Amino acid sequence: MDSSKVPEEKLTRTTTVQETVPESVEPPVPRSMPKLNKSPLHGLWALTLRDLRKWYTNPYQLLISLIQPVVWLGIFGKALNFGTFISQSGASPAVQNQILLSTFGTKSYFSFLSVGMLASIILFTAAFSGMSVVFDRRFGFLNKALSTPVSRGAIVVSKVLQSGVRSLIQAGMVLLIAVVLGMDVSNFSVIGLLGAFTLLFFMGFALSSLFVTLALRSSDWQTQMAIINLLNLPLLFASNALFPVKIMPTWLQYVVKFNPVSYAIDGARQLLLGTAGVPSGIYNPLWLDFTVITAFAVALTAVGVVMSWKLLTK
Amino acid sequence: MMPNQRDTKPVSKAIVEVEGLTKTYDGKFKAVDGVSFQIEEGEIFGFLGPNGAGKSTTINMLTTLLSPSSGQAVVCGFDVHKHANDVRRNVGIVPQEYTADEDMTGMANILLCADLYGIPRSDSKPHAMELLNLVELQDAANRKVKTYSGGMRRRLELACGLINYPKLLFMDEPTLGLDVQTRAAVWKYIRMLKQEYHMTLFLTTHYLEEADSLCDRIAIIDHGHIIKIGTPTELKDGIGGDVIVVGVADGEVDLSPDIGKLELVKEVKKNGNEYRIKAESGEEASPQIMDLIRSKGLHVTKISLTKPSLDEAYLELTGRTLREEETNRWATMSQRITMARARS
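If you're matching them up, the sequences are chains X and S in order. For what it's worth, my numbering labels the leading residue of the first sequence as 1, then goes sequentially. For what it's worth, my numbering labels the leading residue of the second sequence as 1001, then goes sequentially.
This is the structure in structure tokens:
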């Protein structure tokens, strides 16, 4: 409005502006707020990237997380040689293969266990996603995030998403290790791999939502550890990850049927190991596996987001 | 927004209006009990009280981290309950704890804060550098926060709190656990924000000298209640004047009635050879008292004048000194972590 107005950038703190500028001009203040990006995805992406960056800049964490599946595969999987077990009882190779196929859906127990281990590493990664909420609360970062307008749901979903991405990469590494150690690759296909990893990703998403939701109010990592131990081993053992459902007692078979982890593993086994020569009744139909896992993921993520609105503001 | 209040003081208007704010835990324990106050635009307002008095709870309600059990709070023109996101966009927060992510650099931490506000990188990058310059952390911008000292972390928190161009900045115990130099630096920044950026500041502290030297107005809070609000001078004047202690060579003669007759003197107590006198204006009263004693033929052996400190005002108002109060386990632990990290 005034032709003698000093350009903005010259209004530094040391300049005496009173003489050249009308009195109404405010003393130099920081630039005003720019146009904001109010999309919830903006904050979600920033939070997810923060966790992922912390993960991939720390290679030790990745290596340590791979130790457990390697021990399971390399020692447990190799030691439990069901083929020798059966052939020692005098069965011919043809009978041996028949018994293995009708029990495990594959001729090699190691391959059977490998798919279980893919699910196992996802289960453990998901379990610790709750831990990261506890530490964020503990170290104040959660409060910092809560004091910004970022969507409460984005805080929860970012934890779930980062865990999902991490578990996919870790599962990929476990698969590589399994192949190196002797997993049957004769039935691998691009569609099979994509399908199997989609199932595993959804399972990871669902389980992370569960653990993150359980951790929303917690500032105590010991409790969180207890919850992880309480849920993790039952979810693993009461599933088809290590042993086929068929050989379990009837009551346990019912538990396995209610455990969503079983459906992801069931689908992944069909897609990775093939179904040729496998008697019917070993596997669920694929559509059922996908439906159960997708429903499980959608339901638990929805619960997590709704709970975040309630639990994050006290 | 508030047309009825404009007429009295056209320049300053309330940026925070709190009415009957209460936070009840578990249906019984009232951490904050019916607190009401106003903060004018451009002032430094301090909450002074012991640990567990309700300072942080109040700040957490005003910054939307806690929802009030009852009462109302309007911050920057928005109700904290109904328009939480608008409040969040307009205020900055420097929390009591160190909230920065230790595994990230100082710069990355500020940029992450900016992202959470939805500030585009085209703006937040240059602004973050400006803020790091402001708090003199430009050389450490690309170092991981775990290599920072306590003072540097505190300054980084301050820079993070300013990234969204707040009109109002909340600082919860800004100097907790800091050494003397860093405390002085933080005080310098606080004054600068007020004077040069015309920001309104709300800070909580349990250091009396901090409240005294920084705040335009102080609310003394204890057990969830505001006991008194006023300028530091008003609070100090409230305790009834300066204290003059005069030593006299001969303690036999009692001059108390004569001294008590002086106009400025409010109260006299004789204690052996010493008189302890409360007077309205100590500087003017003490020469008069000396003249009076000499006129009676006695020697003054010593004289001291003490201005009332906020410490005494606090003692007078609450009946106790500021000391560590028993608080809940979590609050205590969190504060210990903060203090331990401040010293690192």
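In this text, a Cβ means the ideal position worked out from N, Cα and C, and glycines have one as well. Computed from a prediction, not measured in an experiment: that's the story for all the values here.
- The three-state reading of DSSP puts X:PHE110 in helix, counting H, G and I together.
- Rounded to whole angstroms, the Cβ separation of S:THR1057 and S:ALA1031 is 4 Å, and the two are in contact under 8 Å.
- Between the stretch 105-119 of chain X and the stretch 167-185 of chain X, the count of Cβ pairs shorter than 8 Å is three or higher; the stretches touch.
- Within the same chain, VAL1091, GLY1092 come within 6 Å of S:PRO1166 by CB-CB distance, once the 5 residues on both sides are set aside.
- Under the three-state reduction of DSSP output, S:MET1171 falls in the strand class.
- Contact between X:ILE293 and X:ALA119 is ruled out by a C-beta separation of about 11 Å, above the 8 Å threshold.
- Considering only beta carbons, the part of the stretch 40-57 of chain X lying closer than 7 Å to chain S consists of HIS42, GLY43, ALA46, ARG50, LYS54, in chain order.
- As the crow flies, the alpha-carbon of S:GLU1019 is around 14 Å from that of S:GLY1077.
- Taking the Cα of S:GLY1071 as reference, the smallest distance to any Cα among S:ARG1217, S:LEU1305, S:THR1024, S:MET1129 is reached at S:THR1024.
- Counting only the Cα atoms, S:LEU1158 lies some 11 Å from S:GLN1096.
- Here X:TRP251 is exposed. Its C-beta has fewer than 16 other C-beta atoms within 10 Å.
- Here S:ARG1276 is bridged, per DSSP, to S:VAL1245, S:LYS1269.
- DSSP, read as helix, strand or coil, puts S:THR1231 in coil.
- Between X:PRO260 and X:PHE211, the C-beta gap is not smaller than 8 Å, which leaves the two residues out of contact.
- A straight line joining the alpha-carbon of X:LYS310 with that of S:MET1152 spans about 35 Å.
- Ranked by Cα distance from S:ALA1219, the options S:LYS1013, S:LYS1028, S:PHE1037, S:VAL1016 are led by S:PHE1037.
- Two segments are said to touch when three or more pairs of C-beta atoms, one from each, lie closer than 8 Å; by this definition the stretch 71-79 of chain X does not touch the stretch 217-228 of chain X.
- Assignment of X:ILE155 by DSSP, reduced to helix, strand and coil, places it in the helix class.
- Residues of chain S whose Cβ lies closer than 7 Å to the Cβ of X:ALA215 do not exist, since the nearest Cβ in that chain is about 16 Å away.
- DSSP, reduced to helix, strand and coil, places S:VAL1075 within a strand of the structure shown.
- Put simply, the backbone Cα of S:GLY1177 is about 46 Å away from that of S:SER1256.
- In the DSSP assignment, S:GLN1288 falls within the alpha helix (DSSP H) that extends over 1282-1295.
- Neighbours of S:ARG1088 in chain X, taken as residues whose beta carbon is under 8 Å from its own, are SER147, THR148, PRO149 in chain order.
- Excluding its 5 nearest sequence neighbours in each direction, S:ALA1140 has C-beta neighbours in its own chain below 7 Å: GLY1106, TYR1148, MET1152, listed in chain order.
- For S:TYR1165, the three-state secondary structure derived from DSSP is coil.
- When only Cα atoms are considered, X:ARG269 and X:VAL115 end up about 6 Å apart.
- Going by DSSP, S:PHE1045 is part of the beta strand (DSSP E) stretching over 1044-1048.
- For S:LEU1305, the closest Cβ of chain X is not nearer than 8 Å.
- Within the stretch 1078-1131 of chain S, the complete beta strand (DSSP E) segments of 3 residues or longer fall at 1091-1094, listed in chain order.
- Assignment of X:GLY140 by DSSP, reduced to helix, strand and coil, places it in the coil class.
- Per DSSP, X:VAL133 has no beta-bridge partner at all.
- Ranking S:LYS1013, S:PHE1047, S:LEU1021, S:MET1061 by CA distance to the CA of S:GLU1040 puts S:LYS1013 first.
- For the pair X:LEU52 and X:VAL174, the CB atoms are not nearer than the 8 Å cut-off.
- Rounded to the nearest whole angstrom, the CA to CA distance from S:ASP1242 to S:GLY1224 is 30 Å.
- According to DSSP, residue pairing for S:TYR1025 in a beta bridge involves S:PHE1029.
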